[in-house]
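Student: All residue numbers for the sequence shown refer to numbering that gives the first Met the number 0, where the first residue is 0 and numbers rise by one.
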Amino acid sequence: MKTLRALLFALPLLAAILVVPVRADDDSGWEVLGKRQVDYAADKDTIEVTASEGVFTAIRIKVEDGNLEMHDIRVTFGNGDKFEPDVRVNFKEDTRSRDIDLPGEARVIKKVEFKYDSKRRKGKAEVKLLGKNAGGGKAEPAKDDLGKRHAGFEHLGTRKVDFGADKDTIEVTASEGRFSAIVIDVDDGELVMWNVKVTFGNGEDFSPDTRTDFKDGTRSRQIDLPGEARVIKSVTFAYKSTLKEGRATVQLFGKRAGAAEPAKDKHPGFKEIATRSVDFAKDTDVIIVGESKGKFSSLIVEVEDGDLTMSDFTITFGNGKQHSPELKAEFKEGSRSRQIDLPGEARTIERIAFKYRSTKLREGKAEVKLWGK
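(1) Hey, how far is the Cα of leucine 381 from the Cα of threonine 241?
(2) Between arginine 218 and valine 195, how many whole angstroms is the CB-CB distance? I'm expecting something under 8 Å.
(3) Does the Cβ-Cβ distance between lysine 131 and threonine 56 come in under 8 Å?
(4) Per DSSP, what are the beta-bridge partners of threonine 308 in this structure?
(5) Would you call aspartate 184 buried or exposed, if buried means 16 or more other Cβ atoms sit within 10 Å of its Cβ?
(6) What's the C-alpha gap between glycine 371 and proline 342?
(7) Quick one: what does DSSP say glutamate 290 is sitting in, helix, strand or coil?
(8) Residues in the same chain with beta-carbon distance under 6 Å from aspartate 204, minus the five sequence neighbours each way, listed in chain order, please.
(9) Quick one: is threonine 94 buried, meaning 16 or more other Cβ sit within 10 Å of its Cβ, or exposed?
(10) Go ahead and pull the three-state DSSP assignment for glutamate 271.
(11) Would you kindly work out how many angstroms separate the C-alpha atoms of arginine 97 and isoleucine 60, rounded to a whole number?
(12) Following the continuous beta strand (DSSP E) through leucine 224, name the residue where it begins and the one where it ends.
(13) Please go through the same chain and pick out, in chain order, the residues whose beta-carbon is closer than 8 Å to the beta-carbon of glutamate 47, but skip the five residues on each side of it.
(14) Compare the Cα-Cα distances from glycine 253 to each of Ser334, Arg177, Pro84 and report the closest residue.
(15) Which residue's Cα is closest to the Cα of glutamate 271: Glu63, Lys294, Asp116, Asp278?
(16) Under 8 Å, do isoleucine 299 and histidine 266 count as touching if we go by C-beta distance?
(17) Note the first and the last residue of the continuous beta strand (DSSP E) segment covering lysine 214.
(18) What is the C-beta distance between glycine 317 and leucine 251, in whole angstroms, given that I count them as a contact (C-beta under 8 Å)?
(19) Going by C-alpha to C-alpha distance, which of Arg246, Asp215, Thr235 sits closest to threonine 168?
(20) Would DSSP call glycine 33 helix, strand or coil?
(21) Within a Cβ cutoff of 6 Å, which residues of the same chain sit near glutamate 68, ignoring the five residues on either side of it in sequence?
(22) Can you give the Cα-Cα distance for phenylalanine 152 and aspartate 42, rounded to whole angstroms?
(23) Could you pull out every unbroken beta strand (DSSP E) segment of at least 3 residues lying fully inside the region 49-98, listed in chain order?
(24) Given a threshold of 16 other Cβ atoms within 10 Å of its Cβ, counted over all protein chains shown, does threonine 274 qualify as buried or as exposed?
(25) Is DSSP giving phenylalanine 316 helix, strand or coil here?
(26) In terms of residue numbering, what span does the beta strand (DSSP E) encompassing aspartate 184 cover?
(27) Output needed for lysine 354: all residues of its chain with C-beta closer than 6 Å, excluding positions within five of it in sequence on either side, in chain order.
(28) Alpha carbon to alpha carbon, how far is glutamine 36 from threonine 209? Give it in angstroms, no decimals.
(29) Could you tell me if alanine 345 is buried or exposed, where buried requires 16 or more neighbouring beta carbons within 10 angstroms of its beta carbon?
(30) Going by C-alpha to C-alpha distance, which of Met192, Gln221, Ala352 sits closest to alanine 180?
(31) Just to confirm the assignment, what range does the beta strand (DSSP E) spanning histidine 154 have?
(32) Can you find the residues in the same chain that come closer than 7 Å, C-beta to C-beta, to valine 107, ignoring five residues on each side of it along the sequence?
(33) Go ahead and label glutamate 349 buried or exposed: buried means 16 or more other beta carbons lie within 10 angstroms of its beta carbon, across all protein chains shown.
(34) In whole angstroms, what is the alpha-carbon distance linking glycine 268 and lysine 364?
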């Protein structure tokens, strides 16, 4: 009897410690929400997730390029709630955790924090966070609905908003392109929206004179943007929802200006892989690329909307190794660097860090574009 009681007492502890990872296999139906390269020795780290990724019912954690033990996992949802699954996993290289179900209905994930102890003594292991989208599909609207309700527009971002009066922001990456107009759509609730502010890639703001009463499944008028096609950084808005529980879904759509697309022969053999808007004051920055963009043998750096000097250019590859080509370039607006050949065969690129100094900008932002061959 004592032995049985001791075993029952120990079961929760065993469940927390003896979670055995499985071999990384088919991830169909799962989306990569973020990744982080972690150093050896004991430490803690965070994977940030943008709300535009959608809503999820479960997560997986995968580890590549190293062995590590992970514990004290904490998931922070879009509304600020936290969830700490009772999980402690000893990862071998290229294994993943069990599926970790999230509490309640499908949730927006803001970030996942964790502590770990890596068995490596040099280099870095890579931790990947995957999410199971609600319904197993993308959180973006179905293409047939998009075609009917927003013909000629592209989905730029989504935000779940609470009841009551508040304000919120939909972030848009510069890589989405340039747009001449926007439309705002509301589903799963009714709300009044005002004080809409569009922030462009160069730091300028535009506040259209609009106040809209949304019913469930309705959209705003087309809001034309000033000037030529613009890169959109974010759209901020104040709102008051009539919902007493749950959340309304606000979606942002943009009308792409065909003439603003880069010419196909602009950099023959190269494709645009990342963009970063940089301030005139700040002197260091990082462009995140990630393995999903593919493998590259050469790079080109291009600058738009400002003049700047760039130096201390450091490329970090997918395996953690680094390469610092001799690059100190004086960029004029619309100019590009020489072709930068990468060592060895085609490589995946995790990130690129660089120092810069703006030579003319005193307000707004310059745009740094990265092209890969």
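Don't be surprised by glycine CBs; every beta carbon is placed ideally from N, CA and C.
Keep in mind it's a predicted model, so treat the numbers as computed, not measured.
Tutor: According to the structure data:
(1) Because the chain here runs from 0 to 372, residue 381 falls outside it and cannot be looked at.
(2) Taking 8 Å as the upper bound for CB-CB distance, arginine 218 and valine 195 are not in contact here, some 13 Å apart.
(3) Yes, they are a contact pair.
(4) Answer by DSSP bridge pairing, in chain order: Glu329, Arg356.
(5) It counts as buried.
(6) Rounded to whole angstroms, glycine 371 to proline 342 spans 14 Å at the Cα level.
(7) DSSP places glutamate 290 within a helical segment (H, G or I) once states are collapsed to three.
(8) Closer than 6 Å at Cβ, skipping near neighbours: Lys196, Thr198.
(9) Buried, by the Cβ-count rule.
(10) Taken through DSSP and simplified to helix, strand or coil, glutamate 271 comes out as strand.
(11) Rounded to the nearest angstrom, the two C-alpha atoms are 8 Å apart.
(12) Where leucine 224 is concerned, there is no enclosing beta strand (DSSP E), given that its DSSP letter is neither H nor E.
(13) Listed in chain order, the non-local C-beta contacts of glutamate 47 below 8 Å within the same chain comprise Gly33, Lys109, Lys110, local neighbours out to five positions each way being set aside.
(14) For glycine 253, the closest alpha carbon among the candidates Ser334, Arg177, Pro84 is that of Arg177.
(15) The candidate whose alpha carbon is nearest that of glutamate 271 is Lys294.
(16) In contact: isoleucine 299 and histidine 266 (Cβ atoms closer than 8 Å).
(17) It is not in any beta strand (DSSP E) - lysine 214 carries neither H nor E in the DSSP assignment.
(18) About 32 Å separates the two Cβ atoms, so there is no contact after all.
(19) Relative to threonine 168, the option among Arg246, Asp215, Thr235 whose CA is nearest is Thr235.
(20) Reduced to three states, the DSSP call for glycine 33 is strand.
(21) Result list for glutamate 68: Asn89, Asp116, in chain order.
(22) Going by the C-alpha atoms only, they are around 44 Å apart.
(23) You should have 55-63, 67-76, 88-90.
(24) Classification of threonine 274: buried, given that the 10 Å Cβ count is 16 or more.
(25) Judged by DSSP in its simplified three-state form, phenylalanine 316 adopts strand.
(26) DSSP places aspartate 184 inside the beta strand (DSSP E), whose first and last residues are 177-186.
(27) Excluding sequence neighbours, lysine 354 sits near Asp282, Thr283, Ser310, Asp311.
(28) Threonine 209 and glutamine 36 have their alpha carbons spaced roughly 44 Å apart.
(29) Around the C-beta of alanine 345, fewer than 16 other C-beta atoms lie within 10 Å, and the residue is accordingly described as exposed.
(30) The candidate whose alpha carbon is nearest that of alanine 180 is Gln221.
(31) Note, histidine 154: beta strand (DSSP E), 153-160.
(32) Excluding sequence neighbours, valine 107 sits near Ala50, Val54, Phe76, Gly77, Lys159.
(33) So glutamate 349 ends up on the buried side.
(34) One C-alpha to the other measures close to 28 Å.
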